[in-house]
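Numbered per this note's numbering, the sequence shown finishes at 1608, counting up by one with no gaps. Following: one structure in structure tokens, then a few remarks.
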Amino acid sequence: METALLGAGVGAPRRADRLRCAARWTAAALLAWAAGGKLILWGAFGQMLTALGLSRAELVPWAQAGVPAAELAIALLLALRLAPVLAAFALLLLSLLFAGVHGFALVSGEAIPCGCLGVALSHASWARHAQLLAVCALLAACALVLLFAPTAPSPRQRSADDSPAPGV
């Protein structure tokens, strides 16, 4: 009698699919929530972009509109399973960009106001930036799961794998 190793066999592809599904929906929900926060707290997000001084003043309105649009687009791609590799790479890039912004805020010691994840101006603090940095790490982890977690073979692939090789 054979015993399956822990994590091997029929259950492993299902667990990987569940992990990928959880990563996809977690990232989509967080991105949609983050975009909503930036759109609702439009002024706070613009102030954050200006306070960071990372771009010229004339680029702030473009970034102020572009970042929530990118978040919503990636969330939609993830939710609808459209262009999954592109969506996962975009998610990874965006999460690293956000992590850089919050890391900069932590290192500089300034509590920069923003509309990140619906955080209001009054909550701008070192602790809040640390929490948002953790959310960025979660988004990056979701992207890595989507990019590198194994996928379960389709029923067609399974039946092809079970059939004998030609000439056998």
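Built from N, CA and C at the ideal position, the CB exists for glycine as well. A quick note: this is a predicted structure, and the numbers were derived from the prediction, not measured.
Give the single residue among the options whose Cα lies nearest to the Cα of residue i.
i, options, result
"residue 1502", "1486, 1491, 1552", "1486"
"residue 1465", "1509, 1524, 1483", "1524"
"residue 1557", "1475, 1462, 1497", "1475"
"residue 1473", "1508, 1462, 1550", "1508"
"residue 1570", "1544, 1493, 1504", "1544"
"residue 1469", "1514, 1587, 1565", "1514"
"residue 1478", "1459, 1504, 1499", "1504"
"residue 1488", "1575, 1552, 1498, 1579", "1552"
Along the chain, where does the alpha helix (DSSP H) containing residue i start, and where does it finish?
i, result
"residue 1568", "1566-1588"
"residue 1486", "1482-1492"
"residue 1523", "Neither: residue 1523 is in no alpha helix (DSSP H) and is coded neither H nor E."
Quick one: Cα of residue i to Cα of residue j, how far?
i, j, result
"residue 1471", "residue 1573", "14 Å"
"residue 1444", "residue 1454", "With a pLDDT of 49 at residue 1444, under the threshold of 50, the predicted position of this residue should be treated as unreliable, and no value is reported."
"residue 1577", "residue 1539", "7 Å"
"residue 1542", "residue 1567", "11 Å"
"residue 1496", "residue 1467", "30 Å"
"residue 1462", "residue 1511", "18 Å"
"residue 1521", "residue 1491", "36 Å"
"residue 1506", "residue 1516", "15 Å"
"residue 1588", "residue 1537", "20 Å"
"residue 1550", "residue 1565", "8 Å"
"residue 1610", "residue 1579", "Absent from the model: residue 1610. The displayed extent of the chain is 1441 to 1608, so no value can be given."
"residue 1458", "residue 1498", "44 Å"
"residue 1591", "residue 1546", "37 Å"
"residue 1575", "residue 1500", "24 Å"
"residue 1519", "residue 1548", "36 Å"
"residue 1456", "residue 1493", "42 Å"
Original post:
Three or more C-beta pairs closer than 8 Å, one from the stretch 1526-1537 and one from the stretch 1476-1483: is that the case here?
Top reply: Not touching, per the Cβ criterion.
**OP:** Mind the definition here: the stretch 1530-1542 touches the stretch 1570-1590 only if three or more C-beta pairs lie below 8 Å; say whether that holds.
**Re:** Flag = yes, the stretch 1530-1542 and the stretch 1570-1590 touch.
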